[in-house]
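Visitor: Below you will find the structure I want to go over with you.
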Amino acid sequence: MPMEPSTTILCSHRRPRSHPPIWLVCHTNQGPEGYRSARGLAAYTAQHDVEGGYHEVIDNLEVIRTAYDGDEVNGAGPTANDHGWHVCEIGYAEQTSAQWHDPYSLAEHSHLADRLADRCRDFGIPPVLLSPADLRAFKPGICGHDTVKQAFPNDTTHWDPGPSFPWGLVIKATRQRLGLSVSVIQPVRVFTGGVEADMPTAKTKLITLAHQGFGQFRGVYDAGVPVHECQATIHGPEPKADGWWPHTIGATVRAQARGNRVIVTASCPEWSEGQPQPAAHVVAFV
Ligand SMILES: [Zn+2]
95 MPMEPSTTIL
105 CSHRRPRSHP
115 PIWLVCHTNQ
125 GPEGYRSARG
135 LAAYTAQHDV
145 EGGYHEVIDN
155 LEVIRTAYDG
165 DEVNGAGPTA
175 NDHGWHVCEI
185 GYAEQTSAQW
195 HDPYSLAEHS
205 HLADRLADRC
215 RDFGIPPVLL
225 SPADLRAFKP
235 GICGHDTVKQ
245 AFPNDTTHWD
255 PGPSFPWGLV
265 IKATRQRLGL
275 SVSVIQPVRV
285 FTGGVEADMP
295 TAKTKLITLA
305 HQGFGQFRGV
315 YDAGVPVHEC
325 QATIHGPEPK
335 ADGWWPHTIG
345 ATVRAQARGN
355 RVIVTASCPE
365 WSEGQPQPAA
375 HVVAFV
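For any residue, its number in the working numbering is found by taking its place in the sequence shown, counting from 1, and adding 94.
Have a look at this one:
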């Protein structure tokens, strides 16, 4: 059974929202993994003098509803408050990848995927990971508070859920719950400029992109991580019957590093099938 909120403990600062959310914004509370921590967090945001809030908070055991769908909360600054549905896992943005894969966190991610899939279904939001540029273009999908910070730096200073948050795992689990395919391509191939490229070519392309301003990617490369050993998962438009993505032809590719992952976003302006997904996201794991 998918995880549903077990109870409702409303946060103090809520107001009616003016339109449905287009972003599912994921957070951490910056607190330790503890027994019934979600209840503790909900009780905290219920205090009158606590301005911040979420729609749901999650620990390893349960999900607590802290605002109604029709509420706007103070989740991540004015733009993402207005356009976002906010969900918070117990944990720290500083957590390492290993810490994000401990039993407590894995239970949280499972509950999170249940809730994201449910919200995608309810709000008509595609289960895709958004880039800052996607947010600035007001494309619908899933993101972190840190994505909001990168997209709208004047809005917020927080960078949760942090660079090692396992987005690939969460998006994959969310898509599985929605009955969507999660295709792993091996050997890794990405699209560059409308041409399907082998990974060495893609790597060259990505390093070029790094020199054009995607310095974080260069940092990953310089750390000695051979990109050609990546596995890639393509999220976004569904594959055709032959298992490939012909409608990403003509895509432009951008790369961004987050922790030990390189996120490659293939924008697809001519996308027309399977709306409302305007872009394909390639998430490469190093
Ligand atoms: Zn946050």
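Even for Gly, the Cβ is constructed at its ideal location relative to N, Cα and C.
Contact criterion: CB-CB distance below 7 angstroms. Does E156 meet it with respect to chain B?
Guide: Structure shown: chain B not included; a single protein chain is present.
Visitor: Considering only residues of the same chain and omitting the five flanking positions on each side of S109, which have a CB-CB separation below 8 angstroms?
Guide: Reading off the sequence, residue 109 comes out as Arg, not Ser. Excluding sequence neighbours, R109 sits near D165 and E166.
Visitor: Measure the CB-CB distance between C105 and A161 and report whether it falls below 7 angstroms.
Guide: Result yes, Cβ atoms of C105 and A161 sit closer than 7 angstroms.
Visitor: Taking 6 angstroms as the cut-off, is the C-beta of H252 nearer than that to any heavy atom in ligand 1?
Guide: H252: yes, Cβ under 6 angstroms from ligand 1.
Visitor: Is H205 near ligand 1, with its Cβ less than 6 angstroms from a heavy atom?
Guide: Answer for H205: no, Cβ out of range of ligand 1.
Visitor: Tell me H180's beta-bridge partners as DSSP assigns them.
Guide: Answer is V119, bridged to H180.
Visitor: From the DSSP output, in three-state form, read off P110 for me.
Guide: Correct three-state label for P110: strand.
Visitor: How about T122 and A187: do their beta carbons lie closer than 7 angstroms?
Guide: Result yes, Cβ atoms of T122 and A187 sit closer than 7 angstroms.
Visitor: For H107, verify whether its CB is less than 6 angstroms away from any heavy atom of ligand 1.
Guide: Not under cutoff, so the answer is no.
Visitor: Suppose contacts are defined by Cβ-Cβ distances below 7 angstroms. Is T250 in contact with G171 by that definition?
Guide: Yes, these two residues count as a Cβ contact at 7 angstroms.
Visitor: Here's a check: name, in chain order, each residue in its chain whose Cβ is nearer than 7 angstroms to the Cβ of P114, leaving out the five neighbours to either side.
Guide: So the qualifying residues of the chain are F217.
Visitor: Short check: CB of A211 to CB of P226, under 7 angstroms?
Guide: Cβ atoms of A211 and P226: not closer than 7 angstroms.
Visitor: R230 to R209, Cα distance in whole Å?
Guide: Rounded to whole angstroms, R230 to R209 spans 25 angstroms at the Cα level.
Visitor: Which first and last residues belong to the beta strand (DSSP E) in which P99 is found?
Guide: P99 to T102 is the span of the beta strand (DSSP E), which, as asked, contains P99.
Visitor: Enumerate in chain order the residues of its own chain whose CB-to-CB distance from W253 is below 8 angstroms, with the five nearest sequence positions on each side excluded.
Guide: The residues are A187, H239, D240 and K243.
Visitor: If we require 4 or more residues per run, which alpha helix (DSSP H) segments fall completely within the stretch 124-159?
Guide: With a minimum length of 4 residues, the continuous alpha helix (DSSP H) runs that stay inside the stretch 124-159 are 131-139.
Visitor: Return helix, strand or coil for L210, following the three-state DSSP convention.
Guide: The answer is helix: DSSP assigns L210 an H, G or I state.
Visitor: Determine which residues share a DSSP beta bridge with P202 and list them.
Guide: The residue you asked about is not Pro; residue 202 is Glu in the sequence shown. The partner list for E202 (beta bridge, DSSP) is empty, contrary to what the question assumes.
Visitor: With E202 and D153 assumed to form a contact (beta carbons below 8 angstroms), what rounded beta-carbon distance in angstroms separates them?
Guide: Going by Cβ atoms, the distance from E202 to D153 rounds to 6 angstroms, so yes, they are a contact pair.
Visitor: Can you tell me the Cα-Cα spacing of V198 and Y138, whole angstroms?
Guide: Looking at the sequence itself, residue 198 is Tyr, so the reference to Val does not match. Roughly 21 angstroms separates the two Cα atoms.
Visitor: Does the beta carbon of H113 fall short of 6 angstroms from some heavy atom of ligand 1?
Guide: H113: no, Cβ never under 6 angstroms from ligand 1.
Visitor: Is H391 a contact residue of ligand 1, with contact defined as CB to any heavy atom under 6 angstroms?
Guide: Outside the displayed range of the chain (95 to 380) lies residue 391, so it cannot be described from this structure.
Visitor: How many Å lie between E69 and L274 at the Cα?
Guide: With the chain represented from 95 up to 380, any question about residue 69 goes unanswered, as that position is not in the structure.
Visitor: Kindly give me the distance between the Cβ atoms of G125 and L118, rounded to whole angstroms, as I take these residues to be in contact under 8 angstroms.
Guide: Not a contact, Cβ separation roughly 21 angstroms.
Visitor: Please state whether DSSP places D196 in a helix, a strand or coil.
Guide: D196: coil per DSSP, three-state reduction.
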